[in-house]
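Take a look at the structure:
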């Protein structure tokens with residue numbers, strides 16, 4: 005069983021920046037597509053960004069140009085660099101690991117990001 009542990013959330017003012025990290029256990033990280041999702045109060049969980057094992061990235065339109073996803077396979081860690089944060093970015097951010105060939109789909113416990121003055 006893969007364990008994912010997120011960190012880096014917190015309170016930040018509008019226009020500020022945060023970097024989220026997600027560390028994975030085990031030795032399959034390099035094979036996985038990693039993703040960041042978020043869930044705001046009263047809303048459904050939504051995709052923020054993904055990065056494949058080949059480092060291809062996708063982003064939600066709402067974060068394009070502001071957020072950057074990256075990965076360090078040597079550290080089994082995926083990052084989400086968030087800049088120019090807006091109040092509407094306030095949510096619990098979840099890390100996700102997927103390997104479709106072995107039907108593996110794991111989630112972290114989430115980290116809260118609050119953007120407020």
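Residue numbers (our numbering): 5 to 121. Cβ atoms here follow ideal geometry from the backbone N, Cα and C, with glycine treated the same way. Treat the numbers as computed from the prediction; the structure is a model and nothing was measured.
N- and C-terminal bounds of the beta strand (DSSP E) containing residue i
{"i": "residue 71", "result": "71-76"}
{"i": "residue 5", "result": "Segment: none, residue 5 is in no beta strand (DSSP E) and carries neither H nor E."}
{"i": "residue 25", "result": "22-28"}
{"i": "residue 100", "result": "95-103"}
{"i": "residue 55", "result": "50-55"}
{"i": "residue 17", "result": "Where residue 17 is concerned, there is no enclosing beta strand (DSSP E), given that its DSSP letter is neither H nor E."}
{"i": "residue 43", "result": "37-43"}
{"i": "residue 60", "result": "Where residue 60 is concerned, there is no enclosing beta strand (DSSP E), given that its DSSP letter is neither H nor E."}
Closest residue to residue i among the options (Cα-Cα distance)
{"i": "residue 51", "options": "82, 39, 60", "result": "39"}
{"i": "residue 60", "options": "117, 73, 48", "result": "73"}
{"i": "residue 110", "options": "116, 119, 118, 99", "result": "99"}
{"i": "residue 68", "options": "14, 28, 53", "result": "53"}
{"i": "residue 19", "options": "47, 90, 33, 9", "result": "90"}
{"i": "residue 101", "options": "88, 34, 21, 17", "result": "34"}
{"i": "residue 9", "options": "17, 36, 70, 114", "result": "114"}
Opposing strand residues paired with residue i [DSSP bridges]
{"i": "residue 121", "result": "Residue 121 is not bridged to any residue."}
{"i": "residue 85", "result": "23, 72"}
{"i": "residue 11", "result": "25"}
Close-in-space but distant-in-sequence residues of the same chain around residue i (CB under 6 Å, 5 per side omitted)
{"i": "residue 82", "result": "26, 38, 75"}
{"i": "residue 55", "result": "38, 61, 73, 75"}
{"i": "residue 30", "result": "6"}
8 Å Cβ shell around residue i - same chain, five flanking residues per side excluded
{"i": "residue 23", "result": "12, 83, 84, 85, 86"}
{"i": "residue 36", "result": "28, 57, 101, 102, 103, 108"}
Closer than 7 Å: residue i CB and nearest the ligand ADP heavy atom
{"i": "residue 13", "result": "In the structure shown, the ligand ADP is absent, as is every other ligand, since no ligand is present at all."}
Spatial neighbours of residue i in its chain, beta-carbon cut-off 7 Å, leaving aside the 5 residues before and after
{"i": "residue 44", "result": "94, 95"}
{"i": "residue 116", "result": "13, 96"}
{"i": "residue 112", "result": "8, 9, 10, 26, 98, 99"}
{"i": "residue 1", "result": "Lying before the first or after the last residue shown, residue 1 is absent from the chain, which here runs from 5 to 121."}
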